[in-house]
Structure formats: structure tokens, C-alpha cells
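Each step along the sequence shown adds one to the number in my numbering, with nothing skipped, and position 65 is 276.
Ideal placement from N, C-alpha and C gives every residue a C-beta, glycine not left out.
All values reported here derive from a predicted model rather than from experimental measurement.
Scroll down for the structure; my scribbles are underneath it.
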Amino acid sequence: ALIPSSKKRGGLGVPLDIPLGHKDAARVRSHFDGMEVRIPDAPRADEIVVAIAVTDSGRPHPRVGGLTKDKIVGIDGVG
């Protein structure tokens, strides 16, 4: 598995960066992205914030090279 490089800790209102990737193959670079989420009044002292981000595709015009969606074979894109 790839380890995302977008990690944060913070208090109230700190923006969280949620890493995104392809659902079947972690090495498909056209789907590497992130979404910023901010909840202005959370978490409070007795709360934990759980945030989930979902997309329906990768970048519209990817220029990063590497494994493409149409070349996925087997588990995690490796045949």
C-alpha cells in the first residue's frame, strides 16, 4: 500500500487533507489527489472527526505518466 503524505493534527476548524486514489489499484497516478475538508466547530474536547471523500473519476487531463486506469491487471494493478 502507498502511504499518503497528507497528514495533519489540529484543533477547531483546522483544514484536513484527505488523500484520494484509485479504488482498485493504488499505483494509478491519474487518481492521486486530495480533498480539503474543514468543519469550523469540530472536534470538541469529547469528539473525533471522521471525514470521507469520494470521487467518480481521476483527474480530467492527467500528465503524470505511470500506470493508467485501462492497464490495470490483477490485484492492485499488478498482473
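Quick one: give me the first and last residue of the beta strand (DSSP E) that residue i is part of.
i             : result
proline 230   : 227-231
aspartate 267 : Counting along the chain, aspartate 267 falls outside any beta strand (DSSP E), and DSSP gives it neither H nor E.
glutamate 247 : 244-248
Would you tell me roughly how many angstroms separate the C-alpha atoms of residue i and residue j, rounded to the nearest one?
i              : j             : result
glycine 285    : aspartate 228 : 29 Å
isoleucine 263 : arginine 249  : 12 Å
isoleucine 259 : proline 230   : 18 Å
serine 268     : glycine 277   : 17 Å
glycine 224    : aspartate 252 : 6 Å
arginine 255   : glycine 221   : 11 Å
Using only alpha-carbon positions, find the residue among the options that is nearest to residue i.
i              : options                : result
isoleucine 283 : Leu223, Ala237, Pro230 : Ala237
lysine 280     : Gly232, Glu247, Asp252 : Gly232
lysine 234     : Val265, Gly277, Leu278 : Val265
Cβ-heavy atom distance between residue i and the ligand HEM below 7 Å?
i           : result
proline 230 : Judged by which ligands are present, the structure shown has none, so any question about the ligand HEM falls away.
TODO: Take every Cβ of the segment 234-247, pair it with every Cβ of the segment 265-278, and state whether three or more of those distances are shorter than 8 Å.
DONE: yes
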